[in-house]
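As structure tokens, then:
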């Protein structure tokens with residue numbers, strides 16, 4: 306059956322157009338917010354507009370958010386509606402970024418890129434390394450097959466200890482500090498919640514071996530930035546490759562820009578260009594499911610906040 | 306049966322010691338060059354000493370060279386002896402370097418590494434790309450499993466068209482120019498011979514799409530360096546990531562150091578540290594085989610020169 310679906314806000318015209326087309330492609334009726342049963346949110350940076358918009362939507366049952374990281378909606382999540390988000394849809398690209406940053410860091414590619422003279426080979430191989438991944442969502446599930454041929458020993462640290470294909474072991478967060486001393490590479494691929502904010506801090510840096518690298522493709526505020534600056538300055542860890550930072554964007558003159566063992570990429574995990582390419586078909590699929598009363602993809606657990 | 310094996314020259318003490326130990330571990334009798342039936346060559350940079358040393362070895366049957374690239378011995382290769390080399394033993398590490406350079410180049414990690422300010426996301430994903438690999442030896446065989454999870458379309462270009470597991474197709478070198486226009490990433494992993502010297506030149510650059518990246522983990526002189534400088538300056542190709550250069554080491558002030566889309570790593574494919582770790586056990590194994598009259602590993606085809 307066809308259902309009434311609105312796209313809002315229209316502050317980001319290119320995304321708005323793609324999402325309107327996705328709704329129509331799925332066979333739903335593209336409608337105003339006043340009539341809408343479903344709402345496709347079309348600007349991740351404008352969460353503050355949500356209360357006003359939803360107040361005009363008396364028939365609203367379902368809200369689709371466009372990105373995987375939905376912390377800006379934390380205050381608005383309300384069980385009167387069904388919430389879905391883009392979790393998993395960029396996972397493949399972000400996993401590729403995670404592997405790229407891991408290899409670049411371990412092999413000192415950031416260092417060589419800055420040279421204008423031949424230097425001595427330094428760095429480590431990823432093959433046979435001990436890798437610890439925080440989080441077991443879509444990114445991790447896409448990253449594990451990329452890591453498999455390297456023969457790494459992989460530990461997943463997650464909220465509960467349910468095991469994951471492709472990992473050597475899965476442990477609950479409470480056991481993180483048992484794993485850290487046996488970690489060559491720590492990859493952050495978890496959701497940002499109250500429990501995981503600042504989870505990587507000076508205690509974590511101290512527990513890691515001095516050669517260990519940290520790769521963050523999750524959210525900047527998983528890492529306590531000042532603690533990271535200290536760890537890099539003191540050589541407590543081998544280095545950090547960050548696709549996300551806190552604050553983000555990282556301001557000019559921030560000490561991280563000057564650390565020789567820090568590689569910063571400007572949130573390239575999913576570029577805007579690849580974003581809409583995968584977002585459009587995903588939204589169409591979910592609108593189809595909404596029309597057919599099928600299970601929706603990317604369901605948000607309102608209590609857990611992701 | 307035990308056989309007489311010498312290690313020479315002794316110009317590189319650390320390598321010399323490791324190789325002497327490998328000979329003894331294998332149960333052979335470590336002997337002087339005058340008595341030797343087998344000779345383990347212990348300094349890749351001293352090929353010029355070979356005529357003098359071999360002239361004193363009347364019983365010599367077998368020569369083991371320590372590296373995979375044996376072009377410095379091209380003039381000395383002589384069918385009166387059996388020649389073996391280290392081909393394949395560093396392949397896994399070099400394949401890891403090839404993937405690292407590929408991801409770094411496509412994702413602009415070299416560019417971000419040089420920034421001191423947040424910038425716009427640029428770059429491409431490796432996933433689903435069209436990859437062309439020149440050469441089908443040990444490096445390629447180790448690289449294919451690393452590429453498999455990325456879902457790339459992979460063409461191998463080699464001397465003959467015998468197919469390789471993990472590649473979508475294998476074509477002979479004569480068909481290279483059919484493949485180049487459909488290539489996002491060109492990886493050089495072939496041996497250096499008279500036929501492959503300068504194989505990547507301005508014709509190749511012109512045939513590639515403008516966004517294509519080139520990765521060289523083989524030998525610097527596969528690439529005509531001046532043509533590469535022109536191609537990078539003119540934007541004929543997307544960029545080049547080079548673990549080997551011609552000349553090597555690349556001198557200070559060389560134009561390649563200044564090209565924004567050029568990433569140069571100082572022959573990190575196999576570092577000296579990882580080298581001896583894998584070379585020692587390999588030499589032991591081959592000495593054992595020599596003593597037992599078993600097939601030797603890394604046999605050199607004297608006519609082909611690799």
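Protein chains in written order, with this note's numbering: chain G, 306 to 611; chain U, 306 to 611.
Every residue, glycine too, gets a C-beta built ideally from N, C-alpha and C.
Annotated as proximal: residue 469(U) and residue 475(U), with beta-carbon spacing under 8 Å. In this chain, the alpha helix (DSSP H) harbouring residue 538(G) covers 530-539.
Annotation for residue 443(U): the continuous alpha helix (DSSP H) segment containing it runs 443-452. Residues of the same chain with a CB within less than 6 Å of the CB of residue 457(G), apart from the 5 flanking positions on each side, are 434 and 436 in chain order. Where residue 458(U) is concerned, the enclosing beta strand (DSSP E) starts and stops at 458-463. Residue 454(G) reaches chain U at 450, 451, 453 and 454, counting residues in chain order whose Cβ is nearer than 8 Å. Assigned with DSSP and collapsed to three states, residue 554(G) falls in coil, not helix or strand. Using a CB distance cut-off of 8 Å, residue 557(G) counts as an interface residue toward chain U. For residue 477(G), no alpha helix (DSSP H) segment is defined; the enclosing uninterrupted segment is the beta strand (DSSP E) at 474-477. Take residue 593(G), set aside five residues on each side of it, and the residues of its chain with a beta-carbon closer than 6 Å to its own are 331, in chain order. Below the 7 Å Cβ cutoff, chain G contributes 423 as neighbours of residue 554(U), in chain order. Not a single C-beta of chain U is nearer than 8 Å to the C-beta of residue 326(G).
Counting the other CB atoms within 10 Å of its CB gives residue 526(U) a total of 16 or more, which places it among the buried residues. A direct Cα-to-Cα measurement between residue 453(G) and residue 404(G) gives close to 11 Å. Chain U places a beta carbon closer than 8 Å to that of residue 430(G), counting this residue as a contact.
Residue state for residue 438(G) is assigned as strand, using DSSP reduced to three classes. For the 8 Å CB-CB criterion, residue 361(U) and residue 342(U) do not form a contact. In this structure, 544(U) is the residue among 544(U), 536(U), 505(U) and 480(U) with its C-alpha nearest to the C-alpha of residue 489(U). Residue contact with chain G for residue 394(U): absent (no Cβ-Cβ distance below 8 Å to any residue of chain G). With respect to the 8 Å criterion, residue 535(U) and residue 570(U) are not classified as neighbours on the basis of their beta carbons. Between the alpha carbons of residue 483(U) and residue 386(U) lies a gap of roughly 40 Å.
Nearest CB-CB separation between residue 417(U) and chain G: below the 8 Å threshold. Counting along the chain, the unbroken beta strand (DSSP E) around residue 309(U) starts and ends at 309-313. Listed in chain order, the positions of the stretch 386-412 of chain U with a beta carbon within less than 8 Å of a beta carbon of chain G are 397, 398, 401, 402, 404, 405, 406, 408, 409 and 412. In this structure, DSSP gives residue 385(G) a state outside helix and strand, which the three-state scheme calls coil.
Taking the Cβ atoms as the reference, residue 601(U) lies roughly 7 Å from residue 595(U), within the contact range of under 8 Å. By DSSP's assignment, residue 491(U) forms a beta bridge with 437(U) and 519(U).
Looking at the backbone, the Cα of residue 419(G) and that of residue 391(U) are separated by about 32 Å. Annotated as proximal: residue 494(G) and residue 439(G), with beta-carbon spacing under 8 Å. Closest option to residue 339(U), judged by alpha-carbon separation, among 319(U), 328(U) and 366(U): 366(U).
Look at residue 565(G): its C-beta is not under 8 Å from any C-beta on chain U. Residues of the stretch 503-530 of chain U with a Cβ closer than 9 Å to any Cβ of chain G: none. If one requires a minimum length of 4 residues, the alpha helix (DSSP H) runs lying completely within the stretch 323-372 of chain U are 355-360, in chain order. In the structure shown, the three-state DSSP call for residue 596(G) is helix.
The C-alpha of residue 393(U) lies about 22 Å from the C-alpha of residue 381(U). Assignment of residue 497(U) by DSSP, reduced to helix, strand and coil, places it in the coil class.
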